[in-house]
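Chains as they are written, first to last, in our numbering: chain A, 29 to 142; chain S, 76 to 187.
Since the structure comes first, as structure tokens, the remarks are kept for the end.
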């Protein structure tokens, strides 16, 4: 079935290093993608989004890359900090008869070692 | 500015009971969506409402229902609760379809 998935369930990095979290999607009709960060006991927090007419978008310390050819999405976090430790989800926002439902993967846990 | 607020934060029910969860969107947001998040998994879409009309429904049984009020707040109702309904229920709001959804911290529902 159509789904959004993640390559790695857990990623451990040293403080100050760059982190890369990957995500694969299967619906070629998807036109909008979002990365969320979820800390324990909280709801998902919006990080950055990208539309299918772009291949790169940068925010504060974060960059999202979109490769539509291989249906791959990545989130790069520069100079990772302990506060970046959380579960990261990519979400596919599909247009389906006017509905904009987010389809989430199972998430990648990022652990930042001091 | 206040974010998405959900109430209650925690709730304990027994099998067969009914529950109502509440959500207040960010001011100015007209779209509200509901998601169920089981421990260790990503959120799953339940409903989307926009301008008080249901615009989408996920793969959930008819025991799940929702509505949106004129002030854009929303309620999620679940009847005949099952043990498998134990989850974090998340509400998200956005100004319209083409903009990011912003989530509340959810209602943790436990079924005994």
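Ideal Cβ positions, reconstructed from N, Cα and C, are used throughout, including at glycine.
Would you report the Cα separation of residue 68 of chain A and residue 161 of chain S, rounded to the nearest angstrom? Translated into positions along the first chain, residue 68 of chain A becomes position 40. Translated into positions along the second chain, residue 161 of chain S becomes position 86. Each residue's CA atom was taken as its position, placing residue 68 of chain A and residue 161 of chain S some 17 angstroms apart.
From the DSSP output, in three-state form, read off residue 158 of chain S for me. For the purposes of this step, residue 158 of chain S is taken as the residue at position 83 of the second chain. In the three-state reduction of the DSSP assignment, residue 158 of chain S falls in the helix class.
What does the alpha-carbon distance come out to for the pair residue 94 of chain S and residue 98 of chain A? The residue labelled residue 94 of chain S in the question sits at position 19 within the second chain. The residue labelled residue 98 of chain A in the question sits at position 70 within the first chain. Straight-line Cα distance between these residues: approximately 43 angstroms.
Please work out which residues of its chain come closer than 8 angstroms, Cβ to Cβ, to residue 89 of chain S, disregarding the five sequence neighbours upstream and downstream, and give them in chain order. Taking the second chain and counting its residues from 1, one reaches residue 89 of chain S at position 14. Contacts found: 156, 186, 187.
Less than 8 angstroms between CB atoms is the rule here; does residue 85 of chain S satisfy it with respect to chain A? Sequence index remark: in the second chain, residue 85 of chain S carries index 10 (1-based). No, because no Cβ of chain A sits closer than 8 angstroms to the Cβ of residue 85 of chain S.
For a contact defined as C-beta to C-beta under 7 angstroms, what are the partners of residue 134 of chain A on chain S? Within the first chain, the letter at position 106 stands for residue 134 of chain A. In chain order, 116, 117 make up the part of chain S whose C-beta sits under 7 angstroms from the C-beta of residue 134 of chain A.
Chain-ordered chain S contacts of residue 65 of chain A [CB-CB under 7 angstroms]: Taking the first residue of the first chain as position 1, residue 65 of chain A is located at position 37. The CB of residue 65 of chain A never comes closer than 7 angstroms to any CB in chain S; the least such distance is about 11 angstroms.
Within a Cβ cutoff of 6 angstroms, which residues of the same chain sit near residue 140 of chain S, ignoring the five residues on either side of it in sequence? In the second chain, residue 140 of chain S corresponds to position 65, counting from 1. If we look at residue 140 of chain S and ignore the five residues flanking it on each side, its Cβ neighbours are 152.
Got a sec: is the Cβ-Cβ distance from residue 83 of chain A to anything in chain S below 8 angstroms? The residue you call residue 83 of chain A lines up with position 55 of the first chain. Interface with chain S (8 angstroms Cβ-Cβ cutoff): residue 83 of chain A is excluded.
Whole-number beta carbon distance between residue 79 of chain A and residue 59 of chain A, since they are thought to touch under 8 angstroms: As a position in the first chain, residue 59 of chain A is number 31, starting the count at 1. As a position in the first chain, residue 79 of chain A is number 51, starting the count at 1. The Cβ separation is near 6 angstroms, so the contact holds.
Since residue 74 of chain A meets chain S, which of its residues come closer than 9 angstroms, beta carbon to beta carbon? Position 46 of the first chain, counted from the start, is the residue given in the question as residue 74 of chain A. By Cβ distance, chain S contributes 175, 176, 177, 178.
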